[in-house]
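Undergrad: Quick one: the structure is below, and I'll ask about it shortly.
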């Protein structure tokens, strides 16, 4: 009975510890990303170029707007072409025994 309680308590503590580690990691990752964003914005002020974030966002929006053009009408040459089936022929059976060279005999 006490073993079952200790197993459950250890499981809850282990899960809480892993969740806490994940939250701390996510927090520091967010802080790091914000610092890098700030550094990029400051660098863009000194260089006079557009910030990398805005350039990437602009390129993403341009690419997202481009789709494969939808085909609304059949091709102009589709009605002119004809499909012809391939004529069939009998295929001879392969020899039942392999040649002596392919047998691999010494």
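Numbering (the working numbering), first residue to last: 346 to 451.
Yeah, the Cβ is synthetic: ideal placement off N, Cα and C, and Gly gets one too.
#1: Below 7 Å between beta carbons: does that hold for residue 396 and residue 386?
#2: Tell me whether residue 353 sits in a helix, a strand or coil according to DSSP, three-state version.
#3: Can you tell me the Cα-Cα spacing of residue 392 and residue 400, whole angstroms?
#4: Whole angstroms are fine: how far does the CA of residue 356 sit from the CA of residue 375?
#5: Which one of 409, 381, 410, 408 has the shortest CA to CA distance from residue 398?
#6: Hey, quick one: how far does the alpha helix (DSSP H) through residue 398 stretch, first residue to last?
#7: Report the rounded CA-to-CA distance for residue 358 versus residue 346, giving the unit in angstroms.
TA: Well, looking at it:
#1: By 1-based counting over the chain shown, the position of residue 396 is 51. By 1-based counting over the chain shown, the position of residue 386 is 41. Yes.
#2: Counted from its first residue, the chain shown places residue 353 at position 8. Correct three-state label for residue 353: helix.
#3: In the chain shown, the residue the question calls residue 392 occupies position 47. In the chain shown, the residue the question calls residue 400 occupies position 55. Answer to the nearest angstrom: the Cα atoms are 14 Å apart.
#4: Walking along the chain shown from the start, residue 375 turns up at place 30. Walking along the chain shown from the start, residue 356 turns up at place 11. So the alpha carbons of these two residues sit roughly 29 Å apart.
#5: The sequence position of residue 398 within the chain shown is 53, counting from 1. Of the candidates 409, 381, 410, 408, the one whose C-alpha sits nearest the C-alpha of residue 398 is 381.
#6: For the purposes of this step, residue 398 is taken as the residue at position 53 of the chain shown. Taken as a continuous stretch (DSSP letters only), the alpha helix (DSSP H) holding residue 398 covers 397-410.
#7: Indexing the chain shown from 1 puts residue 358 at position 13. Indexing the chain shown from 1 puts residue 346 at position 1. Rounded to whole angstroms, residue 358 to residue 346 spans 19 Å at the Cα level.
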